[in-house]
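The numbering of the sequence shown is numbering that gives the first Met the number 0, which starts it at 0 and goes up by one.
The C-beta atom is built at its ideal place from N, Cα and C for all residues, glycine as well.
Worksheet: the structure to be examined is printed underneath.
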Amino acid sequence: MKKTTIVLIFSFAAINLSFAATEVQETQVPEQLHHTPFKDFVTTLKIMSKGMYLQFTTPATLVTAGVGALVLWPIFESDSKLLDKEEYPDPATRTVGYDITNTLNFGIVPLASYGISYFIKDKKLKNFAIESLAANGQVMIESLILSFIDIHERPQKGNLSKWETNFRSDSSWPSGHVAALTTLTFKTFQFYGFFPALLPAVGVYAGYKQRVGSRQHWPSDVIGTIFLAALASEGTRLANDDYHDSHPWHKFLFDHQFAMKPIYLDRGAGAVVSLNF
């Protein structure tokens, strides 16, 4: 791998984790924070498996799924036109969109976050690491399963790596390359707010430009992964019983109660809907 790629990867991780380090005093718990890697790994697997069905159990996630379907439908119809507008990516975009996204899919940022949380005794950062790794794994597994559905093949089949051919079926929907960056964007927003989440979001955009510009994915492939990551992020949040303190902006968008019950009047039936932020 190029030296510039390695430098960018560690720069990305360092900048992203610095947002967590600035909040150590606020999130440090008075009791001893125990790190048991094997137990935490098992917890990660449990959160990932539970998140796969919990991602469809709240009003916020159901709305996200509905919006995803509405957005993807016209994009599927316009894939060819959108593809033609994308030029082959420049070297910088290829580095971020291919090399870095591939490397991040191995969980570098969550693992680094977990290691740092051990030294600074930060429960928030530890749970950020666990949930990020679980959400990334969930999207990767779902991408593999969905690739067996005959949606569409890649725009071009040449110059594909073994990672792109041996670990999924022929359908290119959704894209697995941007899985880590998209889940990292939503998890950063959940734990640390909007502005820190902009950093991985820039990587998602570079990944879109690279994958579509190189004709290895359709636009709908990358957009579909973004919605999968949004659902996985919420599913893993709900599955984590050890931490529930999301950022206020995230709570405003996702953490609210929805209720609906029928009512019966003289002239017919109706429904009472309540939404509490």
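Handout entry: D121 (DSSP reduced to helix, strand or coil)
Key = strand
Handout entry: Continuous beta strand (DSSP E) assignments of at least 3 residues falling wholly in the region 228-253
Key = none
Problem - Outcome for K186 when other beta-carbon atoms lying within 10 angstroms are tallied against a minimum of 16 - result: buried
Handout entry: Segment limits, alpha helix (DSSP H) that includes R210
Key = F193 to G212
Exercise for the section: Alpha carbon to alpha carbon, how far is F188 from T63? Give it in angstroms, no decimals. Expected result: 16 Å
Problem - M51 CB to nearest heavy atom of the ligand MN below 7 Å - result: Absence of the ligand MN is noted for the structure shown, with no ligands found whatsoever.
Problem - Nearest-angstrom Cα separation, counted from K125 out to P36 - result: 11 Å
Problem - Whole-angstrom distance between M47 and D83, CA atom to CA atom - result: 37 Å
Exercise for the section: Go through its chain and collect everything with a Cβ distance to L110's Cβ below 8 Å, but skip five positions before and after it. Expected result: A128 and L132
Exercise for the section: Report the rounded CA-to-CA distance for K49 versus A231, giving the unit in angstroms. Expected result: 10 Å
Exercise for the section: Taking F75 and S168 to be in contact with their CB atoms under 8 Å, please state how far apart those CB atoms are, rounded to whole angstroms. Expected result: Not really, about 18 Å apart at Cβ, beyond 8 Å.
Exercise for the section: Find out if the Cβ-Cβ distance for the pair G223, L61 is shorter than 8 Å. Expected result: no
Practice task
Label V201 either buried or exposed according to how many other C-beta atoms from any shown protein chain fall within 10 Å of its C-beta, with 16 as the threshold for buried.
Solution key: exposed
Practice task
Assign S77 to buried or exposed, taking buried as 16 or more other Cβ atoms, counted over all protein chains shown, within 10 Å of its Cβ.
Solution key: exposed
Practice task
Would you kindly check if the distance between the Cβ of L180 and the Cβ of G206 is under 8 Å?
Solution key: yes
Exercise for the section: Determine, using beta carbons only, whether P58 and S213 come nearer to each other than 8 Å. Expected result: no
Handout entry: Opening and closing residue of the alpha helix (DSSP H) in which S79 lies
Key = D78 to K84
Practice task
Could you tell me the distance, in whole angstroms, from the CA atom of S146 to the CA atom of Q137?
Solution key: 14 Å
Problem - For Y191 and S246, believed in contact at Cβ under 8 Å, the rounded distance - result: Residue 246 is actually His in this sequence, not Ser. The Cβ separation is near 6 Å, so the contact holds.
Handout entry: Backbone CA spacing between V41 and A238 [nearest angstrom]
Key = 13 Å
Practice task
Report buried or exposed for Y52, applying the criterion of at least 16 other Cβ atoms within 10 angstroms of its Cβ.
Solution key: exposed
Practice task
Within its chain, find whatever has a CB closer than 7 Å to the CB of Y117; leave out the 5 residues flanking it on each side and keep chain order.
Solution key: H34
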